[in-house]
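Numbering (our numbering), first residue to last: 119 to 368.
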């Protein structure tokens with residue numbers, strides 16, 4: 119399997135968690151949730167990991183000091199695209215593809231990551247999204263395809279029309295990029311949206327508009343839709359992890 123570099127987005131504050139902790143340091147089954155993400159990436163054979171830190175980055179760096187990861191600092195939280203832009207200097211050398219995942223999704227599965235990388239190897243992709251088929255996709259960005267099933271774009275739930283709201287394939291912030299394509303798209307991102315942020319979700323469409331090869335593969339498992347934004351979601355994730363037999367640390 120091709121060597122891959124992973125970027126883990128971990129700069130946010132757990133605003134809705136009612137705590138001053140960085141969100142990725144909230145304990146899940148007794149350990150900070152980002153460790154579950156890094157474990158899954160290691161199990162999928164990924165050896166180089168860049169963690170994007172921001173809010174209370176000193177705490178995240180300290181927690182991960184023994185894990186052999188690299189860090190990129192996002193001192194202002196200006197969107198997911200901006201977070202990945204902070205990694206540009208660390209991506210300046212080398213040619214391996216770049217996987218981007220969220221640090222608040224502790225149920226990421228090594229098998230899904232492996233399958234996405236294997237799909238990436240089959241063709242000259244500029245970007246391949248790892249997506250999920252979900253019966254109740256409320257609040258999630260939808261994958262829009264053409265009449266022949268080819269990827270067109272990601273539309274956010276709030277921007278989707280009634281027809282798009284019926285789509286079940288959703289974006290879970292899991293992207294695998296050809297390195298040169300990622301770096302090219304990062305230069306083209308604009309922040310002309312209501313949040314004035316740079317969104318990584320714009321990169322696949324930018325690449326497509328310039329004739330590059332982009333698609334999405336629904337390789338993610340149902341449990342991977344469980345990310346953590348609130349205490350209630352944290353409890354739901356812990357319950358599911360116990361059900362699936364995850365080890366619990368005291």
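Cβ atoms here follow ideal geometry from the backbone N, Cα and C, with glycine treated the same way.
Buried/exposed call for residue 342, threshold 16 Cβ in 10 Å: buried
Other residues of its chain near residue 268: CB distance less than 8 Å, five sequence neighbours each side excluded: 333
According to DSSP, residues forming a beta bridge with residue 347: In DSSP, residue 347 forms no bridge with anything.
CA-to-CA distance, residue 134 to residue 182, given in whole angstroms: 23 Å
Three-pair Cβ contact test at 8 Å for the segment 211-231 versus the segment 287-299: yes
Nonlocal neighbours in the same chain, by C-beta distance under 7 Å from residue 330, ignoring five residues either side: 244, 299
Cut-off 7 Å between Cβ atoms - residues of its own chain near residue 185, not counting five sequence neighbours on either side: 156
The segment 262-277 / the segment 204-212 touching (three or more Cβ pairs under 8 Å): no
Host alpha helix (DSSP H) of residue 320 (start-end): 320-327
Counted within 10 angstroms of its Cβ, other Cβ atoms place residue 319 as buried (16 or more) or exposed: buried
Counterpart residues of residue 140 in DSSP-defined beta bridges: 131
For residue 254 and residue 281, the rounded distance between their alpha carbons: 15 Å
Endpoints, beta strand (DSSP E) assigned at residue 287: 287-295
For residue 166 and residue 246, believed in contact at Cβ under 8 Å, the rounded distance: About 19 Å; that fails the 8 Å criterion.
C-alpha gap between residue 170 and residue 129, whole angstroms: 6 Å
Extent of the continuous beta strand (DSSP E) to which residue 335 belongs: Unbroken beta strand (DSSP E) run through residue 335: 332-335.
Any chain D beta carbon closer than 8 Å to residue 194: Any reference to chain D falls outside this structure, which holds one protein chain only.
Backbone secondary structure at residue 210 - three-state DSSP: The answer is coil: DSSP assigns residue 210 none of H, G, I, E or B.
Nearest neighbour of residue 301, chosen from 142, 198, 192, 209 [CA to CA]: 209
The alpha helix (DSSP H) enclosing residue 167, as first and last residue numbers: Per DSSP, residue 167 is not a residue of any alpha helix (DSSP H); the beta strand (DSSP E) it occupies stretches across 166-171.
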